[in-house]
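Data first, discussion second: the structure below is written as structure tokens.
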Amino acid sequence: MRDSQIHVNVITLVGSAVIMVLCCRKVKLSFFVLLIVYFFVLQILLFLSSYFGLSHEDLRMSDILSILRPVLLFIIYLSMAEASRRWNLINSNLFIVIIVISFFYAIVEVFFTHYSFDVITFLYKREYRPELFFTATTFFGTTYYSGYVFYCLYLLSFVRVYSQKKAVDKLLMLLTFILVVLSLSKAMIAALLVATYLLYLITLRGLLIKMVVVFLPFMMIAGLILYERNISTFLMGTGIPALKSLNVLLYNTQSSGTLNVRIEQIVHAFESAQMFSPVFGAGLGKGVSLESLPASFLYRYGLLGLFFSLFIYISLLLVSLYKLIRCGKERYPFYLAFFVWVFTLPITQFSGVMIEQSKMAFFSAIMLGLLVKPRCEND
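Numbering (the numbering used here), first residue to last: 340 to 718.
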């Protein structure tokens, strides 16, 4: 499937380059200091990791794009973050059209699988994968890609709801919520639940209501423990894939094949880094399955890269929290959505490194643009 997506990566890169050229005279790099530092350091680390990988990886001229991956990602991030900062994407009609079309597409995909699966398989050039039956991969090929995109759109929909409080905006937020659930990505569903809880906890007014919301998770956990057998039997007995997936998430995580695979990949990446260079990594990872962020960073950037990314994450989290506390009413929904997105990154990046996948970087950059978007009013 990776090979079949090269055309998508090229289209994403070319589109981003065009956007950057159009905005290059107006881009204020001071807005993206963390972004510049982040990708510059990763590029240096990847050069060093590639050197240590020469002993076991057969590098060719075609691998030049892989070696320059941080530079290419920087182009995508800078262009789309700037576009998100300057253009009113959230309140556009295109935003509504994307969500509505995706929702109806997902309904056909989930409930009319026998009619749609051949078409989907042809479009994405992927192998026959029955485990994706009754899941909404929509236009993104995999459950966690699809779940991540609509999770981002869910947070963007919240900005509309908070700012305008229109019925159509609440409907959009509901549709994106359903789309994430239909993806059946456990990591994205977990992030969705955490995000929803945080949004309600932070935005609800009244001390009594906030106290109820604070204690609600503890009461729910107690109920899940006390009535484990009844709830598990019900979820499994329905025969609905989404509810079965929820049962695995709640009560039987050890039987989750994807979770076990991710853990095995992290262990393999750590052992490989120890063998070649624990500090700088073990190479590009050609032919190695590295889906989660810890596995990918340990292998490609070593312990130094992993700890550096952790430092950048904490910095981004603190900056977003500072902006959220200090911002005015008009800027509040932007900073809140961004803060929640950053807060849940450890969950969303466990299934796949969406912040480093070219297609997913497109949406991640839009979220990053929220951090500096309100400042464009002063441009």
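Just so it is clear, CB atoms sit at the ideal spot from N, CA and C, and this is done for glycine as well.
Check, Outcome
"Closer than 9 angstroms to chain E by CB, Gly-576", "In the displayed structure, chain E is absent; only one protein chain is listed."
"Under 9 angstroms between C-beta atoms of Leu-710 and Lys-668", "no"
"Coil, strand or helix - Lys-464 by DSSP", "Any reading at Lys-464 must be qualified, since the residue scores a pLDDT of 46, below 50, and its modelled position is unreliable; no value is offered."
"Three-state secondary structure assigned by DSSP to Ser-616", "coil"
"Run of the alpha helix (DSSP H) containing Gln-769, from where it starts to where it stops", "Lying outside 340 to 718, the shown extent of the chain, residue 769 is not represented and no answer is given."
"Best match in Gly-641, Gly-578, Leu-494 for proximity to Ala-676 [C-alpha to C-alpha]", "Leu-494"
"Among Leu-518, Met-512, Ile-570, the one whose alpha carbon lies nearest that of Tyr-487", "Leu-518"
"First through last residue of the alpha helix (DSSP H) which encompasses Val-553", "546-565"
"Contact check, Met-706 vs Ser-423, beta carbons under 9 angstroms", "yes"
"Heavy atom of the ligand PLP within 8 angstroms of Leu-510 beta-carbon", "Questions concerning the ligand PLP fall outside what the structure shown contains, since it holds no ligand whatsoever."
"Three-state secondary structure (DSSP) of Ala-676", "helix"
"Gly-691 burial status per 10 Å Cβ neighbour count (16 or more: buried)", "buried"
"Contact under 9 angstroms by Cβ, Phe-378 with Leu-412", "yes"
"Same chain, Cβ closer than 6 angstroms to Val-635, five either side skipped, listed in chain order", "In the sequence as presented, Val is not what sits at residue 635; that position holds Ser. So the qualifying residues of the chain are Leu-629, Val-692."
"C-alpha distance - Met-340 paired with Arg-665, whole-angstrom precision", "The predicted position of Met-340 is uncertain, since its pLDDT is 40 and thus under 50; a value taken from the coordinates is nonetheless stated next. Rounded to the nearest angstrom, the two C-alpha atoms are 45 angstroms apart."
"Boundaries of the alpha helix (DSSP H) in which Ile-686 is found, first to last residue", "684-687"
"DSSP state of Val-439 mapped onto helix, strand, coil", "helix"
"Limits of the unbroken alpha helix (DSSP H) element including Val-534", "For the sequence presented, residue 534 should be read as Ala rather than Val. 525-542 is the span of the alpha helix (DSSP H), which, as asked, contains Ala-534."
"Proximity to Tyr-652 [Cα-Cα], best of Gly-545, Phe-479, Pro-685", "Pro-685"
"Bounding residues of the alpha helix (DSSP H) (the contiguous stretch that carries Gly-667)", "No alpha helix (DSSP H) holds Gly-667; DSSP gives it neither H nor E."
"Straight-line Cα distance separating Phe-489 from Leu-387", "36 angstroms"
"Of the residues Gly-708, Met-699, Glu-695, Ser-703, the one placed nearest Val-410, counting alpha carbons only", "Glu-695"
"Val-600 versus Leu-540: straight-line alpha-carbon distance, rounded", "34 angstroms"
"Any beta strand (DSSP E) of 3 or more consecutive residues that is wholly inside the region 616-665", "none"
"For Ile-517, the three-state DSSP class (helix, strand or coil)", "helix"
"Rounded straight-line distance, which links the Cα of Leu-574 to that of Leu-585", "8 angstroms"
"For Asn-569, three-class secondary structure by DSSP", "helix"
"8 angstroms contact criterion, which Ile-415 and Phe-678 should meet: CB distance rounded", "Not quite, the Cβ-Cβ distance comes to about 23 angstroms (not below 8 angstroms), so this is no contact."
"Coil, strand or helix - Val-447 by DSSP", "helix"
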